[in-house]
Amino acid sequence: MNLFLRNPDKPFFVRELTRRIKAQINSVRRELKNLEDMGLLVSYTDDKEGGKKKAKKFYKVDTDFVLYQELRALILKSQLLLQRDLKRKINDAGSVSYLALTGSFLGREDMPIDLFVIGRINSDKLSRLIKRFEKSLGTEINYSVMTVKEFNYRRQITDKFLFSILESPKIVLMDKIDASYG
Numbered sequence: 019m020n021l022f023l024r025n026p027d028k029p030f031f032v033r034e035l036t037r038r039i040k041a042q043i044n045s046v047r048r049e050l051k052n053l054e055d056m057g058l059l060v061s062y063t064d065d066k067e068g069g070k071k072k073a074k075k076f077y078k079v080d081t082d083f084v085l086y087q088e089l090r091a092l093i094l095k096s097q098l099l100l101q102r103d104l105k106r107k108i109n110d111a112g113s114v115s116y117l118a119l120t121g122s123f124l125g126r127e128d129m130p131i132d133l134f135v136i137g138r139i140n141s142d143k144l145s146r147l148i149k150r151f152e153k154s155l156g157t158e159i160n161y162s163v164m165t166v167k168e169f170n171y172r173r174q175i176t177d178k179f180l181f182s183i184l185e186s187p188k189i190v191l192m193d194k195i196d197a198s199y200g
């Protein structure tokens, strides 16, 4: 439900959902049917004109559902709690100088990453932490970690990847090194 409410304009098909939320296909089908029966989701089948491939069934949130606005507001409020929790737990994984949320956290699927961290971080701890948050969000989190030294070097040479992050919309949860663009 979280995935649908955070992406109201995006249709999903069953296999895509099973990959994204890492769940069994039968469980996903059962929950999709329940959400469709409740009225939160609508489904449609893409038309394959005489093709050999079976038509895919897509599911999308019904923005006219009577409780849509309330459910969406709850999801967005829960994201604020998630941000606070994420900041605290990433801090526990090392010495964080900069932490920003971008990409899917802002509904921007076109961004290369969702989480940007600068500092000395224990990569194993961070990886385990991200996996837990991916499971709770029901979506993959793409992240990038740099040391302060690497960040300063990349900023000095106007690294394209770094500046694409610095110039993009983001939620900065921590900035001890004045990483703002400019």
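In this note's numbering, the protein residues as written are 19 to 200. We treat Cβ as the ideally placed atom computed from N, Cα and C, and that holds for glycine.
Spatial distance of residue i from residue j (CA atoms)
i: I159; j: L144; result: 12 Å
i: S198; j: R24; result: 27 Å
i: L85; j: P187; result: 29 Å
i: R47; j: S141; result: 35 Å
i: L155; j: E34; result: 15 Å
i: G200; j: R173; result: Because the pLDDT at G200 is just 49, under 50, the model does not fix this residue reliably, and the point stays unresolved.
i: Q42; j: E152; result: 16 Å
For residue i, the nearest candidate out of the options (CA to CA)
i: K72; options: T63, T120, V79 and L92; result: T63
i: R102; options: S182, E34 and A118; result: A118
i: L133; options: G156, M164 and D110; result: M164
i: L94; options: K105, E185 and S122; result: S122
i: K40; options: V166, F181, R150 and M129; result: R150
i: L124; options: E168, D55, L98 and V135; result: L98
Enclosing alpha helix (DSSP H) for residue i [first to last residue]
i: T36; result: V32 to I39
i: L53; result: I43 to M56
First through last residue of the beta strand (DSSP E) which encompasses residue i
i: M192; result: I189 to D193
For residue i, the three-state DSSP class (helix, strand or coil)
i: L117; result: strand
i: L184; result: helix
i: S198; result: coil
Margin query: Which runs of the alpha helix (DSSP H) at least 4 residues long sit entirely within the segment 122-180? Give them in chain order.
Written below: 141-155 and 166-174
Item checked: Segments assigned alpha helix (DSSP H), at least 4 residues, entirely inside the segment 76-113 -> 86-110
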